[in-house]
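Chains as they are written, first to last, in UniProt numbering: chain A, 1 to 59; chain B, 1 to 208; chain C, 1 to 208; chain D, 1 to 261; chain E, 1 to 222; chain F, 1 to 222. Data first, discussion second: the structure below is written as structure tokens.
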Amino acid sequence: MSLGPYASFIVTSYAAAALVVVILIGWIVLDYRNQTQRLRELDRSGVTRRSGLSAMDAP
Amino acid sequence: MSGLDQAKMQLSGRGVACVRGGREVFSGLDFHAASGEALSVVGRNGAGKTSLLRLIAGLLVPAGGTIVLDGGDAEMTLPEQCHYLGHRDALKPALSVEENLAFWADFLGGERSDAAASLEAVGLDHATHLPAAFLSAGQRRRLSLARLLTIRRRIWLLDEPTTALDVAGQDMFGGLMREHLARGGMIIAATHAPLGIDSRELRIGGAA
Amino acid sequence: MSGLDQAKMQLSGRGVACVRGGREVFSGLDFHAASGEALSVVGRNGAGKTSLLRLIAGLLVPAGGTIVLDGGDAEMTLPEQCHYLGHRDALKPALSVEENLAFWADFLGGERSDAAASLEAVGLDHATHLPAAFLSAGQRRRLSLARLLTIRRRIWLLDEPTTALDVAGQDMFGGLMREHLARGGMIIAATHAPLGIDSRELRIGGAA
Amino acid sequence: MTLIDLANPTRFLALTTRVLPWLAGATVILLAIGLYQSAYAPDDYQQGATVKIMFIHVPNAWLSMFVWGVMSIASLGTLVWRHPLADVAAKAAAPIGASFTFLALLTGSLWGRPMWGTYWEWDARLTSVLILFLMYLGLMALWRAVDDPSRAARAAAVLTLVGAINLPIIKFSVDWWNTLHQPASVMRMGGSTLDKSFLIPLLVMAIGFTLLFVTLHLAAMRNEILRRRVRSLQMMQASRVAFSNEVGTGSHQENASTGAA
Amino acid sequence: MTALSALIRRDIRIALRVGGGALIGVLFFLTVVVLMPFAVGPDLALLSRLGPAILWLGALLASLLTLDRLFMADHEDGSLDLITMSRTPLELACAAKALAHWLAAGLPLIVATPVLGLLLNLDMVATSAVALTLLAGTPALTFTGMIGAGLAVTLHRGGLLMAVLVLPLSIPVLIFGVAASQAAIVGPMTFGAPFSILCALSLVSLVVGPFAAAASLRHGLD
Amino acid sequence: MTALSALIRRDIRIALRVGGGALIGVLFFLTVVVLMPFAVGPDLALLSRLGPAILWLGALLASLLTLDRLFMADHEDGSLDLITMSRTPLELACAAKALAHWLAAGLPLIVATPVLGLLLNLDMVATSAVALTLLAGTPALTFTGMIGAGLAVTLHRGGLLMAVLVLPLSIPVLIFGVAASQAAIVGPMTFGAPFSILCALSLVSLVVGPFAAAASLRHGLD
Ligand code: HEM
Ligand SMILES: Nc1ncnc2c1ncn2[C@@H]1O[C@H](COP(=O)(O)OP(=O)(O)OP(=O)(O)O)[C@@H](O)[C@H]1O
Ligand SMILES: Nc1ncnc2c1ncn2[C@@H]1O[C@H](COP(=O)(O)OP(=O)(O)OP(=O)(O)O)[C@@H](O)[C@H]1O
Ligand SMILES: [Mg+2]
Ligand SMILES: [Mg+2]
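Next comes the structure, spelled out in structure tokens:
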């Protein structure tokens, strides 16, 4: 597979796409960890949801 | 018009709930008022008195429950039949006293001709040409009261209406309210001080 | 500091005149207040109560006469020794209750450490993290009162301070004022309702 | 917060947990196939190897518009039906859509350099996409600037619907004004004009990226629901402190208005 | 009808008193125009080539500067509550307010265009072309800007955020406004095509603006 | 000192929350830059010639859009009364507020300049020259603008009037800012001469601005 004279442009495109997607995934995963951890903390401090379930109860 | 004024009117709320900023202010509130009657809404600071008035005025959407008016003008919605007098006076500092009142008379469908009489009734007739920016706190409040008189509405929603009024002003206002009730009007007022007229009490959120 | 707090202090005005918007509001006004004493300024709407407080606070320039403080801190001007609590609350809706108070403590030279205690004293300790935009009218007023407690000033200039406070709030505030007077403070308050403490009366502009 | 508010998202969370692994798996497989195929796609007789940029550029360009479309529908849900999940969906989609739009812009200009001799040209297609990008950023700024989610949701919904006017402009800009950018060759009336050897990898990549969007969007919506749950629990914590405080000072609650129970 | 005309008259009256009137809008416009040659350098040919663009930018900025408080002032003093409660549909009230704003702030700009054209070395034809496009296009600026003004109330935010949200919407107006003026001056396009698009944009915004603003105001009350 | 730093911190915090943060300033700047090619047409050579002017205009507009409420907000909620009564000299308080404004609204623009330079086809040297002139010149924009903000309170007027009062004051800043950038890019003048005038303007405004603003605030109280 030869990419011709504009190889760098092609590679940059694919690399940028990969990078952006990885950043998106990373952000979403970190955010998820963050929120679940805060929920766990709230749960430990004894706050419960209206329904009487604990904050962390799997739905 | 005066025949219509006499028609019996009933405002009632069932299980009204209010959520503001994601927090529940009150819920399951029932209330009832009829024409010729004043309801004074009381409760500690932050109980939700202002919120209730704004719910009735259609300025907030209830999180639950219903508010129904029976016997009003069938062609108009509830807010259209109400006067709402809030903490803020809806006055433009750049306009004169007269211009402010005339605008609301035109916009809300009152008679300009009543404006002069109303200004006299609230004791502002000497200040008609003053810009509203020059008014003192009590004078501003009197000007808002003049709006209630200039534009006829059967339901008055008043949020701490006597704030900043002097003793004479409070008496004057008591007289105006009694007159309104006698004409078959309805008053719902949030207040911490006694209103100065006979009224039923609606307590929100426990004792003060 | 507490020794200084006990020093006798005298605020007196001689022939004070006030002109606003080209119109004379009052003139030849004499008044007098001493530490440990409350002066309640009364008068009908538009008599010039607010104007007088703003004159003392240095926010208006008298058109005539003098206002002198004896026995205060010689290094400070009169306004610097005063708290002014006006109709407007000097709160930023975007900041939380705590941040609002902490800013004024820092800026006016109070102790941040007193802030928490003041918030508790005015009954806002449960709302410290709420944005001020979420406060009801009475809660806003309570937050302004907390400023008086957090930053120690010997002279309180209060413009209708009990507006929007519920009954419990008015009692609480009465207690705070009595405490302030007992510590040798001075209170000058414009008011239409009874203040809830012993006070001398200064009437502006004839009977109400 | 009423019970319904929590109930619907709760069921949604359960669904998400079950579906997400499958979606992620499918995405990975399709993207892998797509990448393989595009690597071995022939060179174009005009564009040479740079045609490979198309397999990234075009799916991202399509998605940039598709995501705004999704947000517009969600906005209708917010304003008209007041569906509790609608504003969650709209908020979660914005950063993902902005990323795709950014990639479309970036790969487009990287492609433009060899093809047109310039990275950037102020023509109708390119600028309307740039405006789309700016509006994505504006929406994200709006969400960030307002801390009451329901208030932000309604404003964002109005803005999203107004911005949807931009979509047909992007789509048809190449037809309405003569621009550098080439007109539609895949999605057009009367069938595609693209050669199969390009068309198939392109479609596979497009489906792969769409699945990627669905996966990320569901995950981001889950995060958003959790974030709101944290917020409302913190609010409840605050009001419960208030409640116990009142009991302590001797005043009592008789009305139903405490609601914390 | 009386309600709407009362609203329009009030808003114009306030604008004239508080804003200092039409004169000030024109002065601002003038300042922007005077500023440009300094920024671009004293090249007369370039200046007259940029003339329409500069005038259009001036109009855009002038409307941006004042629009964000269109509803905010009414919100802060409680007028908006009463307007919302009244029988007048909120959409119409919004439209009336925007119209008043345009009459007080937009129209004077158009009247001043001939004078500014002189400063920018534009000839008669060019000046009148620009004035005509401004007449057709500035309503669109006002009526798209009012969406931002509505959002400012809902969000309790003004200033830059509003500008950021509104500017992308006004870009098309700017493009076609300048394009139509340029077409009239130098060709090669006909004046008609971009000008009719400009008019279409104005008409669309006349409908979309009030509805969007009213929607966001209705949902933003509290 | 704690008083002033408290004021600065408060104002920045409010600006970040209400204005939506530095991000929005940058986004706004970006939008303005994007706007320009629409107005002047898609001519890259012309664009890069106009580049510094466009960046400077963006900065001017960003500061104008937010400056007029610098003191107005504090006046309306009564904060200004307390600030006036405090031990902190009003001049210093004004300067602190202006500084906070510059930090929240001016600095992000300078940080964003390199990115925008790319869009405008400016090379490295040109971009850094513009950034440098902005760094030296934007404080002057803020500190002359604050005079208008003070007057806006005194006169109970904002918006256009204040822009009209302030714009003429900022014209010299703009002229020398653009001149210095142009000099660095194309010559024939040296960069030094206009740049040092720019710095001088900034220094003068740093002194004059707070005094003028404080004076007008003091007379405007009522
Ligand atoms: C920054 C620059 C560019 C932007 C913002 C951009 C944007 C877009 C958009 C929004 C689409 C989808 C349009 C539709 O579905 O009808 C698209 C499709 C496409 N673009 Fe670009 N583009 C850019 C540069 C380029 C370049 C340089 C080329 C190649 C010479 C190119 C080739 C294509 C092709 C082949 C399609 C598919 C058209 C179709 O089959 O529908 N683009 N682009
Ligand atoms: N900003 C102003 N400009 C010009 N005149 C003013 C201004 N503010 C108040 N006035 C006038 O000064 C007089 C006194 O006003 P002031 O606010 O001191 O009254 P007050 O005694 O506090 O009244 P209230 O009981 O209503 O609060 C009033 O007649 C009012 O019209
Ligand atoms: N704009 C708002 N956003 C969010 N919450 C609010 C808002 N306004 C008020 N609240 C909250 O709603 C509750 C009720 O407020 P409301 O203004 O109805 O009280 P109120 O009974 O009128 O009190 P007051 O006697 O102090 O006027 C308060 O706890 C307050 O914190
Ligand atoms: Mg209230
Ligand atoms: Mg007063």
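We put the beta carbon where it would ideally sit given N, CA and C, even for glycine. Note that the coordinates shown come from a computational prediction; the quantities given were computed from them, not determined experimentally.
Selection from the options that minimises the alpha carbon distance to residue i
{"i": "Asp159 of chain B", "options": "B:Val41, B:Ala63, B:Gly174 and B:Gly185", "result": "B:Val41"}
{"i": "Ser205 of chain E", "options": "D:Leu203, D:Arg227 and D:Ile165", "result": "D:Ile165"}
{"i": "Pro172 of chain E", "options": "E:Leu82, E:Ala140, E:Ala105 and E:Leu165", "result": "E:Ala140"}
{"i": "Gly13 of chain C", "options": "C:Leu176, C:Pro93 and C:Ala57", "result": "C:Ala57"}
{"i": "Leu11 of chain B", "options": "B:Gly175, B:Met186, B:Ile204 and B:Ile197", "result": "B:Met186"}
{"i": "Arg17 of chain F", "options": "C:Ala94, C:Thr77 and C:Val19", "result": "C:Ala94"}
{"i": "Leu167 of chain E", "options": "D:Leu139, D:Phe172, D:Asp175 and D:Ile170", "result": "D:Leu139"}
{"i": "Ala26 of chain D", "options": "D:Met115, D:Val204 and D:Arg229", "result": "D:Val204"}
{"i": "Met146 of chain F", "options": "F:Phe211, F:Val186 and F:Arg218", "result": "F:Phe211"}
{"i": "Gly109 of chain C", "options": "C:Phe31, C:Ala74, C:Thr50 and C:Leu149", "result": "C:Leu149"}
{"i": "Gly51 of chain E", "options": "E:Leu134, E:Phe143, E:Gly148 and E:Met72", "result": "E:Leu134"}
{"i": "Ala7 of chain A", "options": "D:Pro201, D:Trp22, D:Val214 and D:Ala39", "result": "D:Ala39"}
{"i": "Ala17 of chain B", "options": "B:Ala90, B:Ala63 and B:Arg44", "result": "B:Ala63"}
{"i": "Ala156 of chain D", "options": "D:Ser232, D:Asp87, D:Gly34 and D:Asn8", "result": "D:Asp87"}
{"i": "Ala102 of chain C", "options": "C:Leu69, C:Glu120 and C:Ile151", "result": "C:Ile151"}
{"i": "residue 264 of chain D", "options": "D:Pro168, D:Pro183 and D:Leu199", "result": "Nothing can be reported for residue 264 of chain D: it is not among the residues displayed for chain D, which extend from 1 to 261."}
Residue i (DSSP reduced to helix, strand or coil)
{"i": "Thr118 of chain D", "result": "coil"}
{"i": "Leu4 of chain C", "result": "Confidence at Leu4 of chain C is low in this model, with a pLDDT of 49, below 50, so its placement is unreliable and the value that follows should be read with caution. Helix, per DSSP."}
{"i": "Thr128 of chain C", "result": "coil"}
{"i": "Tyr84 of chain C", "result": "strand"}
{"i": "Leu60 of chain B", "result": "coil"}
{"i": "Met9 of chain B", "result": "coil"}
{"i": "Asp123 of chain F", "result": "coil"}
{"i": "Met36 of chain F", "result": "helix"}
{"i": "Met186 of chain C", "result": "strand"}
{"i": "residue 215 of chain C", "result": "As shown, chain C starts at 1 and ends at 208. That puts residue 215 of chain C outside it, with no answer to give."}
{"i": "Gly109 of chain C", "result": "coil"}
{"i": "Gly46 of chain A", "result": "coil"}
{"i": "Val122 of chain C", "result": "coil"}
{"i": "Val25 of chain B", "result": "strand"}
{"i": "Ser170 of chain F", "result": "helix"}
{"i": "Ser150 of chain D", "result": "helix"}
{"i": "Gly21 of chain E", "result": "In this prediction, Gly21 of chain E scores a pLDDT of 49, lower than 50, which makes its location untrustworthy; the coordinate-derived value is nonetheless stated afterwards. Looking at Gly21 of chain E - three-state DSSP - the assignment turns out to be coil, as it is neither helix nor strand."}
{"i": "Ser136 of chain C", "result": "coil"}
{"i": "Leu198 of chain F", "result": "helix"}
Residues sharing a beta bridge with residue i, DSSP
{"i": "Arg203 of chain B", "result": "B:Val42"}
{"i": "Ala33 of chain C", "result": "C:Leu11"}
{"i": "Leu158 of chain C", "result": "C:Leu85 and C:Ala189"}
{"i": "Leu69 of chain B", "result": "B:Leu11"}
{"i": "Gly48 of chain D", "result": "D:Asp44"}
{"i": "Ser96 of chain C", "result": "C:Pro131"}
Closer than 7 Å: residue i CB and nearest ligand 7 heavy atom
{"i": "Lys92 of chain B", "result": "Absence of ligand 7 from the depicted structure is noted, with ligand 1, ligand 2, ligand 3, ligand 4 and ligand 5 being the only ligands included."}
Let me know the beta strand (DSSP E) ranges lying completely inside the stretch 65-93 of chain F, each 3 residues or longer, listed in chain order. Taking only runs of at least 3 residues, no beta strand (DSSP E) segment lies wholly in the stretch 65-93 of chain F.
For the stretch 129-154 of chain F, which segments carrying the alpha helix (DSSP H) assignment without a break, of at least 4 residues, lie completely within its bounds, in sequence order? Within the stretch 129-154 of chain F, no run of alpha helix (DSSP H) at least 4 residues long lies entirely inside it.
Of the residues that make up the stretch 74-94 of chain E, which ones have a beta carbon closer than 8 Å to any beta carbon in chain B? For the stretch 74-94 of chain E, which is checked against every Cβ of chain B, the residues closer than 8 Å are Glu76, Asp77, Gly78, Ser79, Asp81, Leu82, Ile83, Thr84, Met85, Ser86, Arg87 and Thr88.
Which residues, in chain order, does the stretch 147-175 of chain E contribute to contact with chain F at a C-beta distance below 7 Å? Of all residues in the stretch 147-175 of chain E, Arg157, Gly159, Leu160, Leu161, Ala163, Val164, Leu167, Pro168, Ile171, Leu174 and Ile175 have a Cβ within less than 7 Å of some Cβ in chain F.
Using a Cβ-Cβ cutoff of 7 Å, what residues of the stretch 120-148 of chain B are near chain C? List them in chain order. Cβ contacts with chain C: Phe134, Ser136, Ala137, Gly138, Gln139 and Arg142.
Listed in chain order, which residues of the stretch 59-86 of chain D have Cβ atoms closer than 9 Å to some Cβ of chain A? Listed in sequence order: Asn60.
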